[in-house]
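Take a look at the structure set out below.
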Amino acid sequence: MTNRAPGQRELVGFRVGDQAFCIDITSVLEIRGWTATTPLPGAPAYMKGVVNLRGTVLPIIDLAVRLGLPTTEPSARHAIVVVRCGERTVGLLVEGVSDIMQLDDAARQDPPNMGEAHGPNVVSGVFAVESALISLLDLDNLLPPVREAA
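Quick look at the structure:
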C-alpha cells in the first residue's frame, strides 16, 4: 500500500501514438504483454478482437482507434491494460505503460468542451506535468454502452 497525500490520485500512465494518457490505478486489474487477438465479425472498428484470459473471453479495444487516432499495428513492445469498469472487464491496447504516478487532483484541469455533437467526452481531465500534458481517460465514456439482452 502506498502512502498517498490527501487529494492525490494514483494513476497508471501510458502512451497511445504521440500522446500521454492515464487512468485511475483502482480500475487496473493487470498489465500484460501483447497477445494476438481473435477478430469478431461485425465488431466495431476499435475492437481489435478477443483473447483468452485464464478461461475468460476478454475483449481488446484498440485505444488509438477508439480515440480517433490511426490504428495500432501491435508489436512486442505493446501492452494490454486490463481494466474493470462497472461490471465489465476489457483490455486496452496501448503502446506501452510508462509510469505509475501520484498527481494532485487540484492540478487536474477540465478538458475543453467540444459540444454534444461529438458525444460524451472520453477525457475527464488534463494534468500539466513538467512540459507534457497527460489526459485522464473516463472509462465510463470510453467503453461502449452495454446492450440489453433481447
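The opening residue of the sequence shown carries number 1 in full-length UniProt numbering; numbering runs sequentially from there. Each residue gets a CB set at the ideal place from its N, CA and C atoms; glycine is no exception. Quick caveat, the model's predicted, so the values are computed rather than measured.
Taken in chain order, the whole alpha helix (DSSP H) runs of length 4 or more contained in the stretch 13–76 are 63–66. Distance from the CA of residue 124 to the CA of residue 95, rounded to the nearest whole angstrom, comes to 21 Å.
Residue 111 has its alpha-carbon roughly 23 Å from the corresponding atom of residue 93.
With distances taken between CA atoms, residue 130 lies nearest to 107 out of 107, 140, 142 and 138.
Put simply, the stretch 26–42 touches the stretch 67–79. At least three CB pairs are less than 8 Å apart. The criterion of a C-beta distance shorter than 7 Å is not satisfied by residue 61 and residue 137. Separation of residue 81 and residue 142 (C-alpha to C-alpha, rounded to the nearest whole angstrom) is 14 Å.
The three-state secondary structure of residue 139, taken from DSSP, is helix.
If you draw a 10 Å sphere on the C-beta of residue 103, you find 16 or more other C-beta atoms in it, and that means buried. For residue 86, there is no enclosing beta strand (DSSP E), as DSSP marks it with neither H nor E. When beta bridges are read from the DSSP output, residue 110 appears opposite no residue. CA-CA distance, residue 30 to residue 85, rounds to 13 Å.
If you draw a straight line from the Cα of residue 133 to the Cα of residue 63, it comes to about 18 Å.
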